[in-house]
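Q: First to last, the sequence lines map onto chains V and D.
Position 236 of the first sequence, counting from 1, maps to 236 under UniProt numbering, and the rest follow consecutively.
Position 82 of the second sequence, counting from 1, maps to 82 under UniProt numbering, and the rest follow consecutively.
Glycine included, every Cβ here is placed at the ideal spot set by N, Cα and C.
Okay, handing you the structure first.
2 protein chains.
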Amino acid sequence: MKNVVSLKSLAKELNISVSTVSKSLNDSEEISEQTKERVKNLAKLRGYSPNPIAVRLQKQKTMQIGVILPNIENPFFASVLKGIDELVSSSKYNIITFFSNESLEKEKECLDFFSKGNVDGILICIAEETNKKKTFDHIIDIKQKGIPLALFDRIPMQPLGFDAVQVNDYESIVSAYKYLESNKCQNIAFVSSIPTLIVGRSREEGYLSQTNNPTVIAFEDLEELKITLENTIKQGEIDGFIAADINATLLCNAVLQKQGFTPGKEVSLIGYVNAVQNDLSYPKISYIDQHPQEIGKQTAKILLLRLESKLEDIPVSDIVLNTTITIGDTSR
Amino acid sequence: MKNVVSLKSLAKELNISVSTVSKSLNDSEEISEQTKERVKNLAKLRGYSPNPIAVRLQKQKTMQIGVILPNIENPFFASVLKGIDELVSSSKYNIITFFSNESLEKEKECLDFFSKGNVDGILICIAEETNKKKTFDHIIDIKQKGIPLALFDRIPMQPLGFDAVQVNDYESIVSAYKYLESNKCQNIAFVSSIPTLIVGRSREEGYLSQTNNPTVIAFEDLEELKITLENTIKQGEIDGFIAADINATLLCNAVLQKQGFTPGKEVSLIGYVNAVQNDLSYPKISYIDQHPQEIGKQTAKILLLRLESKLEDIPVSDIVLNTTITIGDTSR
DNA sequence: CTGAAAGCGCTTACAG
DNA sequence: CTGAAAGCGCTTACAG
């Protein structure tokens, strides 16, 4: 199945010992230049490459990083993964990706698999269910096993003692609110399909901090959300919408248009979108850019750092990245 | 770093040999029920789990499948990956995912890494550059190394002798054309941002087969595509658009709307979209559903099958899946 | 400068 | 039914 050329076969062909071959290939000081040359030449000629599994067993390192994503079909996570990949693929590690599909049970299974000696480090965004039930024991357990782990995006309120990378959700919404306000919006509503998610709550709090007369339209069920949205919009009192997630954003934009409103004229909308596709669409929705690739890169960076450093005592980092607002057609 | 409990430690504690412990845990017939019990109990008590790296070295199998995707930010590939994951995660393999970012060079590197004993099988959709340059030697090489490989989505014209899963692109467009035609479209144009991609060509041919008076608007550069599209639409002669890919679809829809057309009224549009997001948008674009998850599942299924079967002689399969047309608001 | 030996943690013929 | 030995393909003290 694999290469038949091994250290042993090279050694036999050169009539020297396996140890000498190994050391030569690893450029050991102990070996004469001449021997190294001979060995390296033959190795190249025979197309030798070390059996990675054997190396891992010997070195007691898997050279793999486990990644757990809630849902790959969410473009936010796809972009985060791209960011992770960019950093990791330029290191000597590679990535095993699992999807929890927002399920706590599945998340546990993944973590369990990882912790059984399958990876050297873990990158995880917790599942919605985990977030809701606030069950974090399976994550905390990982610390006991001495496997470095870094969290991103959905970071539990109570600190778990892991490296974490998130975005300033609260402030992002405050900025969005202020932007709308400074552009003649008098009555701004908040729309969300993620009312229980950590990030959703922070965003809602950001909104609530800005108004004494809040209108919050929040349902996990998209059908319910849609109906409530339709009724609210029909009333015609709201002239500004801040949407907390991509689904709420698309839905809000759709209902507005369907009712004959032109987002950007009588009414404004700022939300969260998939930047690539939004760019090609009309109207371009004004949106909060979380720079998901950057989130991925930063998280991977921390983990790689921790994997390199022997010292356990580098302090736990809690990185908060800034978002930016990109103004499109749906606000002015 | 990992579990300190090993076969050796269990053996010592039980005062029996490592081989007996190993066999007990693997439910060998050779061992007495009583000993098995003792061993299993202690193993559970101590939380033993076999070192996967050691098992792999012994078994000469990595238990990993390498996946190469052109671009994870394309929702089509994200869904394919989800399909792959669904099948593979229920097997005893797991997935290492690499992204070629549409680059031939990067694709070669990934394949090279995989072929050096890092995976047991490979799933790949070739990069755009690979497709363009028609350079397939690096893929054919994999066959020599005896590593099963399956292609999906972008399948080279000349058969390479690998399992392949694709979609009936030609016929899909023919159906779309016929649908528009039967709904009073007189002058149907074809819009594409993937003129050189295999799938793009098949789709174009499908279109060309249906008309003597074709209007093909095809540019890889989205800006160019947009400008040409604007001019064509301004002329007002086209009353039906078939778009060959997600970018062309979104762009076409956007330009139509921006020029005051209502897709679904004076003019129709059928294209390719991200189903999840399209569902929440307005207008819902009528689209050809490729069932990307199914593509992923089928491809993974074939590979797993080939990995299980010892016999090299199961015939190469070339699976062509059917698409379906989902009618939304932009056609009737 | 080179090589024999032990070991990483397992499995599996083979003996007893 | 149990265990000693060899081996998967490497690396690395340790001797010479």
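Taking Cβ positions only, does N247 of chain V come closer than 8 angstroms to chain D?
A: yes
Q: Does S6 of chain V have its Cβ less than 8 angstroms from a Cβ in chain D?
A: no
Q: Residue 350 of chain V to F190 of chain V, Cα distance in whole Å?
A: No answer is possible for residue 350 of chain V: the residues shown for chain V start at 1 and end at 332.
Q: Between A78 of chain D and chain V, is the shortest Cβ-Cβ distance under 8 angstroms, so that the two count as touching?
A: The Cβ of A78 of chain D sits closer than 8 angstroms to at least one Cβ of chain V.
Q: Going along chain V in order, which residues have a C-beta closer than 8 angstroms to the C-beta of V276 of chain D?
A: E73
Q: Run through DSSP, which three-state label would Y272 of chain V get?
A: coil
Q: Please classify K143 of chain D as buried or exposed, where buried requires at least 16 other C-beta atoms within 10 Å of its C-beta.
A: exposed
Q: Could you please give the first and the last residue of the uninterrupted alpha helix (DSSP H) stretch that includes F76 of chain V?
A: 75-88
Q: Could you name each continuous beta strand (DSSP E) segment of 3 residues or more that falls completely within the region 137-176 of chain D, going from the start of the chain to the end?
A: Qualifying beta strand (DSSP E) stretches, in chain order: 149-152, 163-167.
Q: Taking just the CA atoms, how far does G146 of chain V sit from M1 of chain D?
A: The predicted model places M1 of chain D with a pLDDT of 40, which falls under 50 and marks its position as unreliable; any figure quoted below should be read in that light. One C-alpha to the other measures close to 6 angstroms.
Q: Measure how close the beta-carbons of G121 of chain D and L307 of chain D come, nearest whole angstrom, since I'm counting them as under 8 angstroms.
A: 5 angstroms
Q: What residues of chain V sit near S49 of chain D, judged by a beta carbon separation below 8 angstroms?
A: K116, G117
Q: By the three-class DSSP mapping on this structure, what secondary structure does F99 of chain D have?
A: strand
Q: Using three-state DSSP, classify D120 of chain V as helix, strand or coil.
A: It is coil, neither helix nor strand.
Q: Counting only runs of 4+ residues fully inside the UniProt domain "HTH lacI-type" (5-59) of chain V, write out the alpha helix (DSSP H) ranges in chain order.
A: 7-14, 18-25, 33-46, 52-59
Q: Work out the CA separation of P263 of chain V and Q257 of chain V for me, nearest whole Å.
A: Separation of Q257 of chain V and P263 of chain V (C-alpha to C-alpha, rounded to the nearest whole angstrom) is 7 angstroms.
Q: Ignoring anything shorter than 3 residues, give me the beta strand (DSSP E) runs that lie fully in the region 185-246 of chain D, in order along the chain.
A: 188-192, 215-218, 240-243
Q: Whole angstroms are fine: how far does the CA of P292 of chain D sit from the CA of P148 of chain D?
A: 22 angstroms
Q: Does DSSP put T299 of chain D in a helix, in a strand, or in coil?
A: helix
Q: Between N231 of chain V and chain D, is the shortest Cβ-Cβ distance under 8 angstroms, so that the two count as touching?
A: Cβ-Cβ to chain D under 8 angstroms: no for N231 of chain V.
Q: Got a sec, what are the start and stop residues for the alpha helix (DSSP H) T262 of chain D sits in?
A: Element bounds for T262 of chain D: n/a, residue is neither H nor E.
Q: Near T232 of chain D, which residues of its chain fall below 8 angstroms by C-beta distance, leaving aside the five closest residues on each side in sequence?
A: A189, T215, I217, I238
Q: Checking contacts by CB at 8 angstroms: is S286 of chain V closer than that to chain D?
A: It does not: the Cβ of S286 of chain V has no partner Cβ on chain D nearer than 8 angstroms.
Q: Please tell me whether P159 of chain V has its Cβ less than 8 angstroms away from any Cβ of chain D.
A: no
Q: Which of helix, strand or coil does DSSP assign to S115 of chain D?
A: helix
Q: Would you be able to state if there are at least three C-beta pairs under 8 angstroms between the region 242-262 of chain V and the region 278-290 of chain V?
A: yes
Q: Provide the residue span of the beta strand (DSSP E) that contains E330 of chain V, from first to last.
A: For the sequence presented, residue 330 of chain V should be read as Thr rather than Glu. That residue, T330 of chain V, is in no beta strand (DSSP E); it is neither H nor E in DSSP.
Q: When you compare the CB positions of A11 of chain V and A78 of chain D, do they come within less than 8 angstroms of one another, or not?
A: no
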